[in-house]
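Just so we're aligned, residue -19 is where the sequence shown starts under my numbering, counting upward by one.
Here's the structure we're looking at; comments come further down.
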Amino acid sequence: MGLAEDRELQEFRDLIETPDAYVDGFGWRTVFGAAFIGLIMMPGSIYLGLVAGQSMGPAAEWTTIILFTELARRSFQVLSKQEIYILYYIAGGLTSMIGVVALSGGAFAGLIWNQFLRSAAPGGLGDQVPSWVAPPPTSQAIVERTFWHADWIPAIMLMVGLQLLSRAAWLSFGYTLFRLTSDGEKLPFPLAPIAAQGATALAEASSKSETWRWRVFSIGTMVGLGFGLIYVGVPTISNVLLVKPVAILPIPWIDFTQGTERFLPGAPTGISTDLGTVFVGFVLPFWMVVGSACAAGVTMIVNPVLQRTGLLPTWLPGMETTRTAWAASIDVWLSFGIGTAFAVAFIGFYKIGRSWLDALRIGRRGIGFGTPPAGRGDVKAYWPLLLFFICTTGYVVLCRHLVPRFPIWFVILYGYLWTPLESYINARMIGLTGQFVGFPMIREATFIFSGYKGVDIWFAPIPLGNYGATAQKFREVELTGTKLTSVVKAEALMFPIMMACSFIFWSFVWRLNPIPSVAYPYTQKFWDFQALQQWLWYSATTEGGSTEMFQRAIKPLVIAGGLGFGLGAYGILTRVGWPVMLIYGFIRGIGTFPHVVIPQLGGALLGRYYFAKRFGQNEWRRYTPVLAAGFSCGTGLVGMLAIAFALVSQSVSQMPF
């Protein structure tokens, strides 16, 4: 069992060029780049999050590296692909989003949300929020909208400590997962080559030694520029010039759910308008996308049947896509997805155990973590595990100190057992499908069913993390030929820059206007609703709180059914020699909107039956990640220009002359 899968994964992985040597990508150029991102990109990222609830994402990443590449060329310098990738990594880290309200701009964004969440608490529940979360609404720190106040000291000290612990934890355990899934299991990580090949193409342009990568990257960039102008540029610029923005294409999809509910009740239907999903279909393994499409088709068939038999009680006529998907998830697919996620974990444990046994038979050791290539910057596997254990212990001690009445064994179980297990499941799914997975409502269910009373536990630093996505980051680093130690240096540089710039810019933005307010339309429209949703959960641990939703969502029999389906389908596909990517794709598709799967399937079919025949299968597979990287760059450039126009217009409109 598993030999067909091993061959399938190895064929996909072998198409990616493995570097012969590894070079340090950290230097003075990356230091200047990090400062540029913190001082120039972060304010735009903050603005975009408050106004539109979006991240700059590729706009910050690709704009930064293109700018520095062009500066280097005009200074008769050459940026290596390792330096370019580290710039890409830093840009993504400094402008990434956090929390449930789509905020970017570093750690102080979380404190801005916390102070609003406390002030929006209904029925006096805000008085139960401790001072290490945010000062009370009556504090002068909140009234004057400033972080320069003694009332903020407990919250800021805790935030800094948690930032250090979280970064050390995800770096250390993410590296461990990378060694297990990439070096040990040889998983393909299908989306990792996008950033890696994009950095390689720009490095070739910097050194004036363009190959096919630069040509393919340029084609993708031009497509991205054209689409980005329609999809991002027109709505953003028209929002500044006109009373109501003009959207040529609905963002993010065209919703058919309410129109099809007469014959497909309970099934979310629609199609994504983002051309980027087609490029994702180019990149992902074909049979994986087919499996995801099968999952979407199954939900469209099963959901109406369940609704007509009374097994979809949460769904109501008139619900749009997101609420329909949420209703179906609560009633069926959440539990089924938990079962299939456990199946992914058991398959992974089986494969690792088989590798260890095979190694023992021939007298070899170290198969579980693989044999790292020389010069990559690796360390002994037990050192990251020791660091992760220390960080987890720090979380446990903090939780015990901040919420001493909460049962400590829950915290220990999550930190030392559940977090590694969930992270490993997620790392395997990303390594196989490129899709992030997780177990929803685990944290909420624990707090509610533990019998604990009080809202402080919802803000406590529970060691419940999912570090699986970090394994892909390390795979990207490897594919660019960058030493892994460069990432550690980049993180050490990013932390003080992030903290300083986040403090400065959030202090400035907060003093300009209240958050939320009419000056920031997204916050004014959504923050009240999101805060009420949060407090609906939080109130469940107070006297008289309801646990009905969790009892409806967690169904042991359905979980067992999902587990049996995942293991059974894997076994059958392996036995008959069919692509096992079908089952991984199906598991991936359970948590994905059909709107997104349809254009991905279109991209996969177009790539397999047209482009692969025209260019050759192996050549086309090498082109796709570079093409996708160029498309992301093009849309990012348009987004950056649109944001700059909006920022300048907002600044001019606020001037008194």
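Yeah, the Cβ is synthetic: ideal placement off N, Cα and C, and Gly gets one too.
Nothing here was measured: the structure is a model prediction, and the numbers come from that model.
Exercise for the section: Using 10 angstroms around the beta-carbon of Phe573, count the other beta-carbons present and answer buried if the total reaches 16, otherwise exposed. Expected result: buried
Practice task
Output the boundary residues of the alpha helix (DSSP H) element that contains Ser99.
Solution key: 88 to 99
Problem - Simplified DSSP assignment, three categories, for Trp192 - result: helix
Exercise for the section: Give the single residue among Tyr65, Leu621, Tyr2, Ile26 whose Cα lies nearest to the Cα of Gly13. Expected result: Tyr65
Practice task
Note down the Cα distance separating Lys360 from Gly610, rounded to an integer number of angstroms.
Solution key: 37 Å
Problem - Short Cβ contact (8 Å threshold) for Ile26 with Thr44 - result: No. Outside cutoff.
Exercise for the section: Pick out whichever of Tyr155, Ala533, Ile318, Pro579 has its Cα sitting closest to the Cα of Thr253. Expected result: For the residues Tyr155, Ala533, Ile318, Pro579, the minimum Cα distance to Thr253 belongs to Pro579.
Problem - DSSP three-state assignment for Val556, whether helix, strand or coil - result: helix
Practice task
Could you check the C-alpha separation between Gly290 and Leu365 for me, to the nearest Å?
Solution key: 48 Å
Exercise for the section: Could you confirm whether any beta carbon from chain C is found closer than 8 Å to the beta carbon of Asp4? Expected result: No chain C is part of this structure, which consists of one protein chain only.
Handout entry: Residue from Gly141, Ala307, Gln95, Pro110 whose Cα sits closest to the Cα of Phe127
Key = Gln95
Handout entry: Ser84 - DSSP class collapsed to helix/strand/coil
Key = strand
Exercise for the section: Express the C-alpha separation of Pro168 and Ala449 in angstroms, rounding to a whole number. Expected result: 14 Å
Practice task
With DSSP as the reference, please indicate the residues paired to Ile251 in a beta bridge.
Solution key: For Ile251, which the question treats as bridged, DSSP gives the partners Ile234.
Handout entry: As assigned by DSSP and simplified to three states, the class of Thr462
Key = Thr462 falls in the strand class under three-state DSSP.
Practice task
Can you tell me the Cβ-Cβ gap for Val196 and Leu607, rounded? I've got them flagged as a contact below 8 Å.
Solution key: 5 Å
Problem - For Val383, the three-state DSSP class (helix, strand or coil) - result: coil
Problem - Assigned exposure category for Met620 - 16 Cβ within 10 Å defines buried - result: buried
Exercise for the section: List the endpoints of the continuous alpha helix (DSSP H) containing Pro574. Expected result: 574 to 586
Exercise for the section: Could you round the C-beta distance between Phe475 and Phe88 to whole angstroms and report it? I think they count as a contact, below 8 Å. Expected result: Contact doesn't hold; Cβ gap of about 13 Å is too wide.
Exercise for the section: Determine which residues share a DSSP beta bridge with Val3 and list them. Expected result: Per DSSP, Thr462.
Practice task
Quick one: grab the DSSP three-state call for Gly200.
Solution key: helix
Practice task
Report yes or no: do the region 126 to 143 and the region 459 to 466 share at least 3 C-beta pairs separated by less than 8 Å?
Solution key: no
Practice task
Express the C-alpha separation of Met478 and Met635 in angstroms, rounding to a whole number.
Solution key: Low confidence applies here, because Met635 scores a pLDDT of 45, under 50, leaving its location unreliable and the question unanswered by this model.
Practice task
Look at Thr279 and Ala307 and say whether their C-beta atoms are less than 8 Å apart.
Solution key: no
Exercise for the section: Could you check the C-alpha separation between Glu165 and Thr554 for me, to the nearest Å? Expected result: 17 Å
Exercise for the section: Would you check if the distance between the CB atom of Val383 and the CB atom of Tyr518 is smaller than 8 Å? Expected result: no
Handout entry: Own chain, CB closer than 8 Å to Phe625, minus 5 neighbours either side, in chain order
Key = Thr216, Ile217, Val220
Practice task
Report back the beta-carbon spacing between Ile570 and Ala275 to the nearest angstrom; my notes put them in contact at under 8 Å.
Solution key: 5 Å
Exercise for the section: Below 8 Å on the Cβ atoms is my guess for Met561 versus Pro265; work out the distance and round it to an integer in Å. Expected result: 5 Å
Problem - Sequence-distant residues of the same chain with beta carbon closer than 6 Å to Ala440, five excluded per side - result: Cys379, Leu382, Val383
Exercise for the section: Compute the beta-carbon to beta-carbon distance between Ala106 and Arg98, rounded to the nearest angstrom, for a pair I have assumed lies under 8 Å. Expected result: The residue asked about is misnamed: residue 106 is Gly in this sequence, not Ala. Going by Cβ atoms, the distance from Gly106 to Arg98 rounds to 5 Å, so yes, they are a contact pair.
Problem - Three CB pairs or more closer than 8 Å across the region 307 to 320 and the region 541 to 557 - result: yes
Exercise for the section: Could you check what DSSP says for Gln634 in three-state terms: helix, strand or coil? Expected result: Because Gln634 carries a pLDDT of 49, less than 50, the predicted location of this residue cannot be relied on, and the following value inherits that uncertainty. Helix at Gln634.
Handout entry: Residue range of the alpha helix (DSSP H) that includes Asn219
Key = Unbroken alpha helix (DSSP H) run through Asn219: 214 to 221.
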